[in-house]
Amino acid sequence: MKPIRILITEDDPMVSFIIGRLVNSLGDFLLVGQAQNGREALEQIRAHKVDLVLLDLSMPEVNGKEVMLDLRNNGMDSDVIIITSSYRKEDAVEALRLGAWDYIVKPFSYDRLRVSLDSYKDAFRFRASLPSELSQEQLDRVFYPESRLNLYSTSGIQRGDTAQRIMDVLTQEERPLSAGEIADKIGISRITVRKYCEALVSTGRLISQNHYQPKGRPIKKYQPI
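Its first residue numbered 1, the sequence shown is counted upward by one per residue in full-length UniProt numbering.
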């Protein structure tokens with residue numbers, strides 16, 4: 001599968017470096033460029049196929065809001081994750097109206113950005129797999145991705161149907177499975193499965209172990225105790 005092509009637009013070189021290092025450490029993403037202002041960003045988006053823009057709001061020459069307006073007005077389909085120091089409600093609401101996938105406030109944690117990118121990746125892959133005409137269930141998954149709805153939810157994570165379905169799959173398989181393998185079997189997002197599995201590990205119902213491959217990062221797999 002082709003990697004998701006990312007452009008970082010950030011006028012602080014250190015922040016841009018940190019974000020770029022994270023993007024490069026994750027599988028399935030390709031950093032295609034880094035821009036220091038909105039004008040450079042728009043030039044690079046027009047010159048290269050960009051799937052996702054990691055976009056600051058406060059920049060010289062052309063700011064982040066103007067970049068988003070230009071994208072929408074000219075029919076460009078690049079998605080946007082806002083990474084900004086602005087806590088203002090007006091900025092967040094406007095970003096949402098302009099179609100931002102996520103809104104992350106500086107200083108941000110490594111995990112918060114990683115979860116956002118993983119969530120976007122799940123939605124991106126799902127959208128790419130869809131037929132030209134969609135059922136209501138498919139539309140619901142497009143507009144209400146599980147990976148976003150479960151970003152902070154922890155209540156009930158170790159009880160109920162989802163946790164039990166995960167335990168049932170692992171018991172039946174009788175071998176360690178990755179979050180992605182479990183997700184394929186029960187039909188929910190990988191990031192949601194991983195969150196449940198980590199909670200089940202913390203309470204002693206599962207164990208996890210890294211499985212190393214000839215190339216790439218190790219894959220974490222889970223099995224019942």
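Positions of the beta carbon are idealized from the N, C-alpha and C atoms, including for glycine.
Looking only at DSSP bridge pairs, what is residue 255 linked to?
The chain is shown from 1 up to 225; residue 255 falls before or after that span and cannot be answered.
Within this structure, are the beta carbons of residue 242 and Ser-189 separated by less than 8 Å?
Outside the modelled stretch of the chain, which goes from 1 to 225, sits residue 242, for which no answer is possible.
Just to confirm the assignment, what range does the beta strand (DSSP E) spanning Leu-55 have?
52-55
Where Arg-127 falls, given that 16 or more other Cβ within 10 Å makes a residue buried:
exposed
Only counting the same chain, and skipping five residues up and downstream in sequence, which positions put a Cβ closer than 6 Å to that of Val-50?
Counting only Cβ-Cβ distances below 6 Å, and skipping sequence neighbours, we find Arg-5, Leu-7, Ser-78.
In the structure shown, what three-state DSSP assignment does Tyr-120 receive?
helix
With C-beta atoms as the reference, is Leu-98 less than 8 Å away from Arg-125?
no
From Asp-28 to Pro-214, what distance separates their C-alpha atoms?
17 Å
Go ahead and label Thr-171 buried or exposed: buried means 16 or more other beta carbons lie within 10 angstroms of its beta carbon, across all protein chains shown.
exposed
Any beta carbon from chain B within less than 8 Å of Gly-33's own beta carbon?
Reference to chain B is not applicable here, since this structure consists of a single protein chain.
Do you know how far the Cα of Pro-60 is from the Cα of Lys-2?
33 Å
With DSSP as the reference, please indicate the residues paired to Asp-11 in a beta bridge.
None; Asp-11 has no bridge partner.
Hey, quick one: how far does the beta strand (DSSP E) through Ile-83 stretch, first residue to last?
79-84
Quick one: using the 10 Å Cβ neighbour count with 16 as the cut-off for buried, is Asp-168 buried or exposed?
By the neighbour-count criterion, in which 16 or more other beta carbons inside 10 Å mark a residue as buried, Asp-168 falls on the exposed side.
Who are Phe-108's beta bridge partners in DSSP?
Looking at the DSSP assignment, Phe-108 forms no beta bridge with any residue, so it has no partner.
Which of the three DSSP states is assigned to Arg-88 in this structure?
coil
Look at the alpha carbon of Arg-159 and the alpha carbon of Leu-130, and state the distance between them as a whole number of angstroms.
The pLDDT assigned to Arg-159 is 45, lower than 50, so where the model puts this residue is not dependable, and the model offers no usable value.
Do you know how far the Cα of Gln-136 is from the Cα of Tyr-120?
Those two C-alpha atoms are separated by around 21 Å.
Count the other CB atoms within 10 Å of the CB of Thr-154; is the residue buried (16 or more) or exposed (fewer)?
Because Thr-154 sits at a pLDDT of 44, beneath the cut-off of 50, its placement in the model cannot be relied upon, and the point is left open.
Reducing DSSP to helix, strand and coil, say where Gln-158 ends up.
Low per-residue confidence applies at Gln-158: pLDDT is 44, beneath 50, and the placement is therefore not dependable enough to give any value.
Secondary structure at Val-67, three-state DSSP: helix, strand or coil?
For Val-67, the secondary structure class from DSSP, reduced to helix, strand or coil, is helix.
On the three-state DSSP scale, how would you describe Gln-36?
coil
Buried or exposed: which applies to Ala-187, given that a residue is buried once 16 or more other Cβ atoms fall within 10 Å of its Cβ?
For clarity, residue 187 is Gly in the given sequence; the question names Ala instead. The residue in question, Gly-187, is exposed, as its Cβ has fewer than 16 Cβ neighbours within 10 Å.
Tyr-196, DSSP secondary structure in three states
helix
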